[in-house]
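Per this note's numbering, the very first residue in the first sequence carries number -5; after that it's consecutive. Report on the structure given below.
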Amino acid sequence: MVRVPRFVAPVTPNDIRLFTLLASVPAGRVVTYGQLAEMIGAPRRARWVGQILKQLPQDSSLPWHRVINAQGRISLSMLEGGRRQAERLRAEGVVVSAEGRISLRLYRWMP
DNA sequence: ACATTGACGCCCA
DNA sequence: GTGGGCGCCAATG
-5 MVRVPRFVAP
5 VTPNDIRLFT
15 LLASVPAGRV
25 VTYGQLAEMI
35 GAPRRARWVG
45 QILKQLPQDS
55 SLPWHRVINA
65 QGRISLSMLE
75 GGRRQAERLR
85 AEGVVVSAEG
95 RISLRLYRWM
105 P
């Protein structure tokens, strides 16, 4: 009998699809929460995507910073996490305004 | 089982 | 461009 520690969160097939897709988003491009949800066959689950990203460990190799909202804004507070996200994007050549605005027209990734 | 809570999205004033 | 309101849906209390 295999005993699984309670603190290990269960990983669903959708989680795998999300991680795989996110990992394929190229540097210098962005995607929206709703877009990711839609692309893995889970429409109307944008909030869920945000939930998953929120739970990622700090040392995750996934490009969580390439995910923004459909309004073309960074969803995290620009006083905290949003600042880090903006820096990471700028490091890839993405232009991010001080308020966290990004041009979806220029940077949205569409496979 | 019921109420709240969001890294959301869309519509309208 | 800016809020405000509402629908959505899984997680959390």
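Heads up, the beta-carbon is just placed ideally off N, CA and C, and yes, glycines get one too. The structure displayed is predicted, hence computed values, not measured ones.
The Cβ atoms of residue 19 and residue 101 lie no closer than 8 Å to each other. In the DSSP assignment, residue 62 forms a beta bridge with 26. Secondary structure note for residue 103: it is in no alpha helix (DSSP H), with a DSSP letter that is neither H nor E. The C-beta of residue 12 has 16 or more other C-beta atoms within 10 Å across all chains shown, which makes the residue buried. In this structure residue 41 is exposed. Its beta-carbon is surrounded by fewer than 16 other beta-carbon atoms within 10 angstroms. In terms of Cα proximity to residue 21, the closest of 92, 82, 97, 90 is 82. Around the C-beta of residue 87, fewer than 16 other C-beta atoms lie within 10 Å, and the residue is accordingly described as exposed. When secondary structure is reduced to three states using DSSP, residue 38 falls in the coil class, being assigned neither helix nor strand. The C-beta of residue 39 has 16 or more other C-beta atoms within 10 Å across all chains shown, which makes the residue buried.
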